[in-house]
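Trainee:
Numbering (this note's numbering), first residue to last: 161 to 284.
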């Protein structure tokens, strides 16, 4: 694993830190469905990571064989870089046809996408 080029762990650690300090202010009835859900993040050449959101905190760890995420996000390194910068949302990559997902995950994909981009754009 080349940690100099990994994007998932640094990007998700940035997200979990921001979630702990500012995430509560972004929650609404439409987006709170992402709370207490497990999300798998994948990028070619990196270990898959599992993110779990709580109301005031988030946890991050490597995926394990028996984990069953509510949604899985698979994107290229470039797409993840844009998402973690706040320039793009996960949904923009999905709608661009580069991040397919099963239809039963669409609500969780939309909710987490909106929360992530909002948090990355929120001024500290």
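Glycine is no exception: its CB is placed at the ideal position from the N, C-alpha and C atoms.
1. Please state the DSSP three-state secondary structure of residue 273.
2. Measure from the alpha carbon of residue 279 to the alpha carbon of each residue in 174, 167, 225, 256, then state which is nearest.
3. The alpha helix (DSSP H) spanning residue 245 covers which residue range?
4. Can you tell which of 251, 233, 242 has its C-alpha closest to the C-alpha of residue 201?
5. Evaluate residue 256 with the Cβ neighbour count: other Cβ atoms within 10 Å of its Cβ, from every protein chain shown; 16 or more gives buried, anything less gives exposed.
6. Rounded to the nearest angstrom, what separates residue 230 and residue 283 at their Cα positions?
Mentor: To lay it out plainly:
1. Taking the first residue of the chain shown as position 1, residue 273 is located at position 113. Helix.
2. Taking the chain shown and counting its residues from 1, one reaches residue 279 at position 119. That would be 174, whose Cα lies nearest to the Cα of residue 279.
3. Your numbering for residue 245 matches position 85 in the chain shown. Note, residue 245: alpha helix (DSSP H), 237-245.
4. In the chain shown, the residue the question calls residue 201 occupies position 41. With distances taken between Cα atoms, residue 201 lies closest to 233.
5. By 1-based counting over the chain shown, the position of residue 256 is 96. Sixteen is the threshold: since fewer than 16 other Cβ atoms of the shown chains lie within 10 Å of the Cβ of residue 256, the residue is exposed.
6. Counting from 1 along the chain shown, the entry for residue 230 is found at position 70. Counting from 1 along the chain shown, the entry for residue 283 is found at position 123. Distance between the alpha carbons of residue 230 and residue 283 is about 29 angstroms.
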